[in-house]
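Structure, as structure tokens:
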Amino acid sequence: MRTARINKILAEGKAGDEITVYGWVKTKRVSKGFAFIVLSDGSSQDTLQLVVSEGTTAHEQLDKCNTGSAVRSHGILKESPGKGQKYELDAYELEVIGTSDPDKYPLQKKGHTLEFLREIGHLRPRSNTFGAVFRIRNLISDSIHRFLQDRGFLWVHTPIITSSDCEGAGDLFSVATSVKDSHKTDVPGGITYSDDFFGRRAYLTVSGQLEAEFLAMALSDVYTFGPTFRAENSNTSRHLSEFWMVEPEMAFADIDDIIALAEDLLRYLFSTVAAKAGKEIDFLYKYYKGISLDDIRSLSERSFTRISYSDAIGELAASKKEFEFPAHWGNDLQSEHERYLTEIVFKGPLIVTDYPINIKPFYMRANDDGKTVAAMDVLVPGVGEIIGGSQREERLDILRNRMVEAGVSEVNLQWYLDLRRYGSAPHAGFGLGLERLVQYLTGMHNIRDVIPCPRAPGTIKM
Ligand code: 4AD
Ligand code: MG
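So the sequence shown is numbered by the working numbering: it starts at 1477 and just counts up by one.
As structure tokens, then:
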């Protein structure tokens, strides 16, 4: 007797094999003489159809075997006369392991809206859409590790609880045990941070970059890959309060080196997804019209367009399009600008470099023009920014001046300055937002539909 997941059964099984299969019932159809049960176990986009004949013990279980129930079946694999499936199971045993009340199970029918599915986040992975999304998310995560490991990068684990605000944007969640007063600093009669758990202010990290930097300044090529947290009050289709980021950091490297790394990584991920998740991509493209398998494949084969921020502003200014926020040198690119550039002008992923110094964090390396920094963002159609990175300021004096200008206190960042005092070297890195990339490749319009438990302002269910 052989027990295997449905993906293995379909890939490796032969007609005549005797097999045991476990899964959840997607549909049941009873006709004269036979019943057909479609079973899914999430191992792939494919399902396995059980054919249950009248007169077998399996047939006696049919009343209990409703959509959503968990079952075990045993039988003989045979070639299927039906379209779109290689095999079906001639099921002579059927055991209902966990019943599911047909009057109450929320996923009875097909074609639920994504909004409805978001309300039942604990059951939505059983839908075809979310099965596909979570398998692609897994494939991308695994492939990120493979790519970086193959290139000799070390996976370092930067902390989740930190005392520094890497991006300097102030979108921080505090970590405190004296919850009542955790939003306050020193208040008369109240609890102060020096009395709290860590003896000073602590936060959930917005980025592992600063710590990745000290590891790169010893181990050369490293990356951190984990959850990051931002208390931005932006209820958009592209922002989460908890999201995953992969952040490679390279010593003895400049902006061109990490642009090349970002492009190679993305193209590798595109080609892997095209090669290994074709069924998922086809399914999602059919229903959500994001990006087709052919388009993903061709993306993996061509290099990305690169443009400076100043030239991008020039493109936007020259366009006849009326933007809600007119593009103006010195202002950050708005989502409408990013979309116009990637969707209308360049029709594909775009790398924008050399942003104005005033709109970027203190750690980015100042260019010689005094006005811009060695920064780079990767923008894609439909989503906008998926990568943000830069060469880091390795010159002690310039870095200290930038910190003063940005209002970043040196007090807690002496260790960061030490990296510029002892064996400083050019280094660079970037952060790739996992959910934004999964959004791009799955065509999911809302970022809340590419993570199992989305967190956003006012939203925390499980
Ligand atoms: O551009 P960001 O803020 O860059 C950094 O945090 C750098 N410290 C990274 C580095 O150089 N090591 O964020 C990087 C990426 C963005 O391009 C975006 O894809 C994603 O993280 N991101 C978010 N994704 C979902 N929800 C949010 N609120 C996000 N904020 C950033
Ligand atoms: Mg950014």
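Using N, Cα and C, we set each Cβ at its ideal position, and we do this for glycine too. Predicted, not measured: the structure shown is a model, and the values here were computed from it.
**OP:** Determine the closest residue to R1876 out of P1902, S1866 and V1887, with distance taken between C-alpha atoms.
**Re:** V1887
**OP:** Tell me where the alpha helix (DSSP H) around W1891 begins and ends.
**Re:** Q1890 to R1897
Original post:
Which whole runs of the beta strand (DSSP E) in the segment 1704-1751 are 3 residues long or more, in chain order?
Top reply: 1718-1727
Original post:
Any idea if H1633 is buried or exposed, counting beta-carbon neighbours within 10 angstroms, 16 or more meaning buried?
Top reply: exposed
Original post:
Within the chosen definition, does the segment 1538-1558 reach the segment 1492-1499 through at least 3 CB pairs nearer than 8 Å?
Top reply: yes
Original post:
So which of N1542, G1675, A1511 and I1927 has the shortest CA-CA distance to V1528?
Top reply: A1511
Subject >> Neighbour-count burial assignment, K1836, 16 or more Cβ in a 10 Å radius >> reply: buried
Original post:
With A1904 and I1731 assumed to form a contact (beta carbons below 8 Å), what rounded beta-carbon distance in angstroms separates them?
Top reply: 6 Å
**OP:** Would you kindly work out how many angstroms separate the C-alpha atoms of S1519 and L1889, rounded to a whole number?
**Re:** 47 Å
**OP:** Count the C-beta pairs between the segment 1722-1731 and the segment 1898-1918 that are closer than 8 Å, then say yes if the count reaches three, no if not.
**Re:** yes
Subject >> CB-CB length for P1930 against N1709, believed under 8 Å >> reply: So it is not a contact: roughly 16 Å between Cβ atoms.
**OP:** For the ligand MG, list every residue whose C-beta falls under 7 Å from any of its heavy atoms, going in chain order.
**Re:** D1853, E1861 and G1864
Subject >> Boundaries of the beta strand (DSSP E) in which Q1867 is found, first to last residue >> reply: G1860 to Q1867
Original post:
Comparing alpha-carbon positions, which option in G1754, T1918, P1557 and S1670 lies nearest S1639?
Top reply: S1670
Subject >> Beta-bridge partners of P1832, as assigned by DSSP >> reply: T1848
**OP:** Pull up the distance between the alpha-carbon of F1780 and that of E1791, whole angstroms please.
**Re:** 17 Å
Original post:
Can we count Q1685 as close to the ligand 4AD, meaning its CB is less than 7 Å from some heavy atom?
Top reply: yes
Subject >> Cut-off 8 Å between Cβ atoms - residues of its own chain near K1562, not counting five sequence neighbours on either side >> reply: L1486, E1555 and S1556
Original post:
Hey, quick one: how far does the alpha helix (DSSP H) through D1758 stretch, first residue to last?
Top reply: G1754 to Y1764
Subject >> Length of the line joining the Cα atoms of T1605 and M1721 >> reply: 23 Å
Subject >> Contact check, P1832 vs G1865, beta carbons under 8 Å >> reply: no
**OP:** With DSSP collapsed to three states, give me the class of I1495.
**Re:** strand
Subject >> Integer-rounded CB distance, given that S1795 should sit under 8 Å from D1830 >> reply: Contact doesn't hold; Cβ gap of about 20 Å is too wide.
Subject >> Nearest candidate by alpha-carbon position, reference Q1915, set P1857, L1538 and Y1744 >> reply: P1857
Subject >> Between the CA atoms of K1765 and P1635 - distance to the nearest angstrom >> reply: 38 Å
Subject >> Residue interval of the beta strand (DSSP E) (run including R1841) >> reply: No beta strand (DSSP E) holds R1841; DSSP gives it neither H nor E.
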